[in-house]
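Comments concern the structure below.
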Amino acid sequence: MAFMRYRALPQGELTVEEFRAWLSQFDADRDGRISREELQHALRSLNVWFAWWKARGGVRTADANRDGAVAVDGEEEVARLFAFAQRHLHVKITQLVPC
Ligand SMILES: [Ca+2]
Numbered sequence: 175m176a177f178m179r180y181r182a183l184p185q186g187e188l189t190v191e192e193f194r195a196w197l198s199q200f201d202a203d204r205d206g207r208i209s210r211e212e213l214q215h216a217l218r219s220l221n222v223w224f225a226w227w228k229a230r231g232g233v234r235t236a237d238a239n240r241d242g243a244v245a246v247d248g249e250e251e252v253a254r255l256f257a258f259a260q261r262h263l264h265v266k267i268t269q270l271v272p273c
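Numbered by this note's numbering, the letters in the sequence shown go through residues 175 to 273 in order.
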């Protein structure tokens, strides 16, 4: 794959929609789902340590329907991954569920 520059995760407090927009750029095969490999790229772009290990944990936590990936356009799986990011990546989130 060619070297790509990704949009950075916005600093400060994030909404779910901002998180989703950031996440969707890592959907390399455009199937609407973030696989473990794709999540690993996302975490690497944040210079997260142990990206492989955290990507595995993130998908495991967020994959509500157990299809092995996180649905980017689904409410539940993105919300779960968002909660995971908040706990493990020290990402600040304004609200978990958009009003
Ligand atoms: Ca994908």
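Cβ coordinates follow ideal geometry from the N, Cα and C atoms, glycine included.
Among E191, V244, A182, the one whose alpha carbon lies nearest that of R218: A182
Counting only the same chain and skipping the five closest in sequence on each side, list residues whose C-beta sits under 7 Å from that of R254. T235, A236, A238
Counting only runs that start and end within the stretch 205-238, where is the beta strand (DSSP E) found for 3 or more residues in a row? 207-209
Quick one: Cα of A202 to Cα of Q214, how far? 12 Å
Between which two residues does the beta strand (DSSP E) containing V244 stretch? 243-245
Skipping 5 residues on each side, what residues in its chain have a beta carbon closer than 7 Å to that of G232? L213, L255, F258
For Q185, which of G248, V246, L220 has the nearest alpha-carbon? L220
How long is the line joining the alpha carbons of F224 and V246, rounded to whole angstroms? 22 Å
Same chain only: Cβ atoms within 8 Å of R207, ignoring 5 sequence neighbours per side: D201, D241, A243, V244, A245, V246
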